[in-house]
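The structure under discussion appears below in the form of structure tokens.
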Amino acid sequence: MKKYLFSIGIWFLIVPLAILNGILRETLLQPLGAFSLPVSGLLLCACILCIAIQLIPRIPGLQARDTWLMGAIWFCLTNLFDLSMYLMEGQSFWAYLQTFDLSSGNLWVLVVLTSLLAPSIGFRYTVFKSASQT
0 MKKYLFSIGI WFLIVPLAIL NGILRETLLQ PLGAFSLPVS GLLLCACILC IAIQLIPRIP
60 GLQARDTWLM GAIWFCLTNL FDLSMYLMEG QSFWAYLQTF DLSSGNLWVL VVLTSLLAPS
120 IGFRYTVFKS ASQT
């Protein structure tokens with residue numbers, strides 16, 4: 000149970016980066032027009048993966064099978080956080096669902112899939128890196 004709490008703590012480190020990413024998109028990336036949303040999505044995915052690669056392997060007693068449940072937890076937390084932001088801004092659940100429409104240029108679906116897979120990727124990257132160094 001403790002390792003899952005660690006993973007939730009790691010997920011909470013992603014939240015400020017996601018907020019900063021949104022600020023960056025609205026201030027600096029806006030001149031890119033239609034490209035600002037995809038660039039922002041890819042940047043957030045990279046941040047999530049970097050944090051997972053650096054911190055997930057440091058969880059004591061972690062095994063590969065644990066990372067799938069951690070990914071599911073991150074997936075749920077990511078969606079709940081974003082949905083709550085939409086609802087607090089007075090937007091509807093249906094507006095939130097529109098973020099999953101790739102034709103709009105929004106890569107949110109990639110972000111939540113990255114959240115799902117990042118703990119496993121982080122763990123496996125470290126295992127692969129260790130194996131290749133021996």
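Just so it is clear: in the sequence shown, position 132 is 131 by numbering that gives the first Met the number 0, and no numbers are missing. Each residue gets a CB set at the ideal place from its N, CA and C atoms; glycine is no exception. Please read these numbers as outputs of a predicted model, since none were measured by experiment.
Q) Are the CB atoms of Leu106 and Leu19 nearer to each other than 9 Å? A) No, Cβ-Cβ distance for Leu106 and Leu19 is not below 9 Å.
Q: Name the two residues that bound the continuous alpha helix (DSSP H) containing Phe74.
A: Ala63 to Met87 is the extent of the alpha helix (DSSP H) around Phe74.
Q. Do Tyr206 and Leu76 have their C-beta atoms within less than 9 Å of each other?
A. Nothing can be reported for residue 206: it is not among the residues displayed for the chain, which extend from 0 to 133.
Q) Which residues bound the alpha helix (DSSP H) around Gln53? A) Bounds of the alpha helix (DSSP H) holding Gln53 are Ser35 to Leu54.
Q: Tell me whether the beta-carbon of Ile7 lies closer than 9 Å to the beta-carbon of Ala51.
A: Result no, Cβ atoms of Ile7 and Ala51 do not sit closer than 9 Å.
Q: Put Ser134 into one of helix, strand or coil per three-state DSSP.
A: Outside the shown range of the chain (0 to 133) lies residue 134, about which nothing can therefore be said.
Q. Between which two residues does the alpha helix (DSSP H) harbouring Phe11 extend?
A. Per DSSP, Phe11 belongs to the alpha helix (DSSP H) from Lys1 to Leu23.
Q: Kindly indicate which residue of Phe127, Leu112 and Gly21 has the alpha-carbon position closest to the one of Leu69.
A: The question names Leu, but residue 69 in the sequence shown is Met. Here the closest residue by C-alpha is Leu112.
Q) Between Phe74 and Leu115, which are expected to be in contact by the criterion C-beta below 8 Å, what is the C-beta distance as a whole number of angstroms? A) Rounded, the Cβ-Cβ distance is 4 Å, consistent with contact.
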